[in-house]
Amino acid sequence: MSSDEQQYDPRAVQDKWQARWAELEPFKAAEGDDGRERRYALDMFPYPSGDLHMGHAEAFAIGDVPARYWFQRGYNVLHPIGWDSFGLPAENAAIKRDSHPAEWTYANIETQAGSFHRYAASFDWSRRLHTSDPEYYRWTQWLFLRFYERGLAYRKGGQVNWCPNDQTVLANEQVVGGHCERCGALVEKRVLTQWYFKITDYADRLLDDMKQLEGGWPERVLLMQRNWIGRSTGADVDFVIEGRDEPVTVYTTRPDTLYGATFMVVAADAALAEEIVAPEQRAAFEAYRDEVSRESEIERLSTEREKTGVFLGRYAINPVNGDRIPIWASDYVLAEYGHGAIMAVPAHDQRDLDFALKFGLPVRVVVETGEPDPAETGVATAGDGAIVNSGPIDGLAKADAIARITALLADKGLGKAAVNFRLRDWLVSRQRFWGCPIPIVHCPACGEVPVPDDQLPVTLPANLRGSDLAPKGTSPLAAAEDWVNVDCPKCGGAAKRDSDTMDTFVDSSWYYYRYCSPGYEDGPFDPEAVRRWMPVDQYTGGVEHAILHLLYSRFFTKVLYDMGMVDFTEPFTRLLNQGQVILNAKAMSKSTGNLVDLGEQISEYGVDVVRLAMLFSGPPEDDIDWADVSPSGMAKFLTRVHRIATEVASAPGADPAGGDTALRRVTHRTIDEATVLVEAHRFNVAIARIMTLVNAVRKAIDSGPGAGDPAVREAAETITVLLSLFAPYTAEEAWAVLGHQAPVIRAGWPAADPALLVEESVTCVVQIAGKVRDRLEVSPAIETAELERQALSSPKVQEALGGAEIVKVIVRAPKIVNIVVR
Numbered sequence: 001m002s003s004d005e006q007q008y009d010p011r012a013v014q015d016k017w018q019a020r021w022a023e024l025e026p027f028k029a030a031e032g033d034d035g036r037e038r039r040y041a042l043d044m045f046p047y048p049s050g051d052l053h054m055g056h057a058e059a060f061a062i063g064d065v066p067a068r069y070w071f072q073r074g075y076n077v078l079h080p081i082g083w084d085s086f087g088l089p090a091e092n093a094a095i096k097r098d099s100h101p102a103e104w105t106y107a108n109i110e111t112q113a114g115s116f117h118r119y120a121a122s123f124d125w126s127r128r129l130h131t132s133d134p135e136y137y138r139w140t141q142w143l144f145l146r147f148y149e150r151g152l153a154y155r156k157g158g159q160v161n162w163c164p165n166d167q168t169v170l171a172n173e174q175v176v177g178g179h180c181e182r183c184g185a186l187v188e189k190r191v192l193t194q195w196y197f198k199i200t201d202y203a204d205r206l207l208d209d210m211k212q213l214e215g216g217w218p219e220r221v222l223l224m225q226r227n228w229i230g231r232s233t234g235a236d237v238d239f240v241i242e243g244r245d246e247p248v249t250v251y252t253t254r255p256d257t258l259y260g261a262t263f264m265v266v267a268a269d270a271a272l273a274e275e276i277v278a279p280e281q282r283a284a285f286e287a288y289r290d291e292v293s294r295e296s297e298i299e300r301l302s303t304e305r306e307k308t309g310v311f312l313g314r315y316a317i318n319p320v321n322g323d324r325i326p327i328w329a330s331d332y333v334l335a336e337y338g339h340g341a342i343m344a345v346p347a348h349d350q351r352d353l354d355f356a357l358k359f360g361l362p363v364r365v366v367v368e369t370g371e372p373d374p375a376e377t378g379v380a381t382a383g384d385g386a387i388v389n390s391g392p393i394d395g396l397a398k399a400d401a402i403a404r405i406t407a408l409l410a411d412k413g414l415g416k417a418a419v420n421f422r423l424r425d426w427l428v429s430r431q432r433f434w435g436c437p438i439p440i441v442h443c444p445a446c447g448e449v450p451v452p453d454d455q456l457p458v459t460l461p462a463n464l465r466g467s468d469l470a471p472k473g474t475s476p477l478a479a480a481e482d483w484v485n486v487d488c489p490k491c492g493g494a495a496k497r498d499s500d501t502m503d504t505f506v507d508s509s510w511y512y513y514r515y516c517s518p519g520y521e522d523g524p525f526d527p528e529a530v531r532r533w534m535p536v537d538q539y540t541g542g543v544e545h546a547i548l549h550l551l552y553s554r555f556f557t558k559v560l561y562d563m564g565m566v567d568f569t570e571p572f573t574r575l576l577n578q579g580q581v582i583l584n585a586k587a588m589s590k591s592t593g594n595l596v597d598l599g600e601q602i603s604e605y606g607v608d609v610v611r612l613a614m615l616f617s618g619p620p621e622d623d624i625d626w627a628d629v630s631p632s633g634m635a636k637f638l639t640r641v642h643r644i645a646t647e648v649a650s651a652p653g654a655d656p657a658g659g660d661t662a663l664r665r666v667t668h669r670t671i672d673e674a675t676v677l678v679e680a681h682r683f684n685v686a687i688a689r690i691m692t693l694v695n696a697v698r699k700a701i702d703s704g705p706g707a708g709d710p711a712v713r714e715a716a717e718t719i720t721v722l723l724s725l726f727a728p729y730t731a732e733e734a735w736a737v738l739g740h741q742a743p744v745i746r747a748g749w750p751a752a753d754p755a756l757l758v759e760e761s762v763t764c765v766v767q768i769a770g771k772v773r774d775r776l777e778v779s780p781a782i783e784t785a786e787l788e789r790q791a792l793s794s795p796k797v798q799e800a801l802g803g804a805e806i807v808k809v810i811v812r813a814p815k816i817v818n819i820v821v822r
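The UniProt record's numbering applies: residue 1 is where the sequence shown begins, and numbers increase by one.
This is the structure in structure tokens:
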């Protein structure tokens, strides 16, 4: 290793360039219109649960590349930072430490902010925000009230998901595999009165507007959202219940199979089951219902479980044939699906068939698929076929049968065509302290009364701490008498504030608007600033937010559009998801000791090495196994880059036109390819191209035209500018060593010379039976016939053939010829 290589330390230049960037503020977005095109690069903002970790290192390195690329392209770039700073971890930490959640929260924010500066993220720090600041959540409350005025925020009683550990309700999306997505506790069902956002009003638009996102969002994210919204078409069918005045409406996607409905199943936890159960069956039903309440939704929907249920002692009338069919309660039907009851067609639905066979219920085939009788095989026939045993629709195909039976039901007033969604309204109230207070007052005389806008924000009390915040089944705010007891804004009488706080996903559903004008005081954002910057050009974050945050943000944007506050209906034009950082093929965890400490890695290798190792390890969406990463290899590469900068002997501004043509071709091919690769988010391949150029420059210096050739300077400067996206400290240092006063971030992205991209010749590989026998230098435009002639004429090929019979010659001009012999 040379003395120059030994002297360069990627860690040594960090403080120097941090101070320089702080002085110059090169990443500050310009206000107003300065004539440049604008770009908005956004990272999903962090939660301040401690210092940055390896996951942050990956996510924010990936998000930084497009921003720095746009800076180099000369755009006016908005790349802000803030913190999603409400939430349970801060509250739990305050209980443990006998403190206020704000103390833990803001201390962690300052720690993370320092680490972000150190990590060389190109943020505009002037737009920093925290969702727990009253200046921010004032506008979260203001938006809640606008939703309330439009009927999109409402309160109702019903079954909710309850986390017994965190002592709060959860939205459906926050229950993963039957467990709380935050703490992992098994979720229970409880009946409570809660606040909801009516996201179901936007279900069709949330689905249909995905057309705008195709090509810009990962297809798997769009698929996840489509499946979660779950639109299906079918019919609502009315079944008369003996002894009940009102019919029960059942939603089905297959009304053509109505003649095969031989029993009805009601969700065991649905209000309908409680209402219609016969007196003699009540005890058995209640025992069964209590048992079901302890099951998770995932368990209930599993096709592997043995079916359970209880007869309710009541019968319904099948509206198409008048059959009297028994009504059962079971756990495999959910109260939230359709109307909480299904018609069971056991011959053509496996769960219904399993249930029928378990309890000895009839099985009637109404779709002829050519398969054996399900009652004998135990396998439902779910395929399409001609309708049989179904009176007026016999012989019809599925689509025609559905249309015909739906029309017949409508004519008799017994049903109608219907659309159903899996999506349910968003439950937004939480029984915890550290969140945005819901700006509603409950008055005995006036009912629900919105807090007037001029009284916002409704701030959290500063005197609650520690044990005051411990979970009690109700919000800690309910016990804060000085806070909860107020005068009614409408009548002036004694009233109480709503003591619940909002789901933190409400805070994060609109924060990206606030970045456009963080100091604006006449609304949540300046509409003109939003028109300038939005929608977001590039959003970067984890795929784990595909259903929660991203769906809610899309919903908020559509409501804001309907309110006339924005002129677009989708907030994020392009979405980039990163994978996870793992170790030895396992998720990192302190409890298992499977942990890599980011601070230790940066202290040992420097920020540039960690960033470069992250970005070079694979495509952004793939997981990174740190056990397979080579930080030492990246350190050696950066040393080579720095050494090249120190050896360049030509003066800044030297005209490369007269320099080594071969090296210039490599340089300009690298520019051209790196541009395409960065825009396609193939950062690892772009880095590989830079490495190839470094090798070419090293060769040119050591055994070519030498360090004084202007083409060497051109290549070295190209390496430095391209590398500034991935390893900014080393790039800045190398740029200064190359003799430049202004920082590399202001260098501008190099342009490839089209004339230097034209290849004079390419290497064609000639293979016989898959083995390389010769390499030919040929024109890139060579014709197939001519390439075949040259390959067969090659002395090396003729010698290798040795008289063997040629069966076929496969030519892929201009790069490969494969000769098949017998």
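Heads up, the beta-carbon is just placed ideally off N, CA and C, and yes, glycines get one too. Since we're looking at a predicted model, the values are computed, not measured.
Here Ala59 is buried: its Cβ has 16 or more other Cβ atoms, across all protein chains shown, within 10 Å. The C-beta distance from Ala273 to Phe285 rounds to 7 angstroms, short enough to fall under 8 angstroms.
Bounds of the beta strand (DSSP E) holding Phe311 are 309 to 317.
Between Thr557 and Thr569 a beta carbon distance of about 6 angstroms is seen, short of the 8 angstroms cut, so the two are scored as contacting. Residue state for Glu448 is assigned as strand, using DSSP reduced to three classes.
Taking 4 residues as the minimum length, the alpha helix (DSSP H) runs contained wholly in the region 694 to 764 are 710 to 723, 728 to 737, 754 to 757, in order along the chain.
Burial of Asn108 is indicated by the presence of at least 16 other C-beta atoms within 10 angstroms of its C-beta. In this structure, Ala356 sits near Pro346, with a CB-CB distance shorter than 8 angstroms. Distance between Leu723 and Asp425, taken at the CA atoms: about 47 angstroms.
Under a 10 Å Cβ-count criterion, Gly87 is classified as buried, with 16 or more other Cβ atoms of the shown protein chains found around its own Cβ.
Counting of Cβ neighbours within 10 angstroms places Met563 among the exposed residues, the total staying below 16.
Taking every protein chain shown into account, the CB of Thr257 has 16 or more other CB atoms within 10 angstroms, so this residue is buried. Between Gln112 and Asp166, the gap from beta carbon to beta carbon reaches 8 angstroms or more.
Annotation: Pro620 to Ala22 spans about 29 angstroms, alpha carbon to alpha carbon. In the structure shown, the three-state DSSP call for Ser794 is coil. Burial state of Leu223 is exposed, judged by a 10 Å Cβ sphere holding fewer than 16 other Cβ atoms.
In terms of Cα proximity to Ala120, the closest of Ile547, Ser293, Val607 is Val607. Distance check between Glu31 and each of Arg127, Val811, Ser99, Glu103 places Arg127 closest, using alpha-carbon atoms only.
A direct Cα-Cα distance of roughly 20 angstroms separates Ala410 from Asp245.
Annotation for Met343: the continuous beta strand (DSSP E) segment containing it runs 341 to 344.
The alpha carbon of Glu544 has as its nearest neighbour, out of Arg146, Val221, Arg205, the alpha carbon of Val221.
For Glu777, the three-state secondary structure derived from DSSP is strand. Within the region 196 to 264, the complete beta strand (DSSP E) runs of at least 3 residues fall at 232 to 241, 248 to 252. Two segments are said to touch when three or more pairs of C-beta atoms, one from each, lie closer than 8 angstroms; by this definition the region 748 to 757 touches the region 671 to 688. Contact between Ala813 and Ile782 holds, with the beta-carbon distance rounding to 6 angstroms and staying under 8 angstroms. In the three-state scheme derived from DSSP, where H, G and I count as helix and E and B as strand, Ala399 is classed as helix.
A Cβ-Cβ separation of about 4 angstroms places Tyr259 in contact with Ser390 under the 8 angstroms criterion.
Judged by their CB atoms, Met343 and Arg430 are not nearer to each other than the 8 angstroms cut-off.
In the DSSP assignment, Lys496 falls outside any alpha helix (DSSP H) and lies within the beta strand (DSSP E) extending over 494 to 497. Three or more Cβ pairs closer than 8 angstroms define a contact, and the region 185 to 203 meets that threshold against the region 152 to 164. Taking one beta carbon from each stretch, the region 64 to 74 and the region 128 to 147 have fewer than 3 pairs nearer than 8 angstroms; the two do not touch. Taking a 10 Å sphere around the C-beta of Asn321, we find fewer than 16 other C-beta atoms and assign the residue as exposed.
A straight line joining the alpha-carbon of Glu91 with that of Ser589 spans about 22 angstroms. Contact check for Ala382 against Glu368 fails: the beta carbons are separated by 8 angstroms or more.
In this structure the region 715 to 734 does not lie against the region 766 to 782, because fewer than three pairs of beta carbons, one per stretch, are closer than 8 angstroms. Excluding residues up to 5 positions away in sequence, Ala268, Asp269, Asp331 lie with their Cβ nearer than 7 angstroms to the Cβ of Val292 in the same chain.
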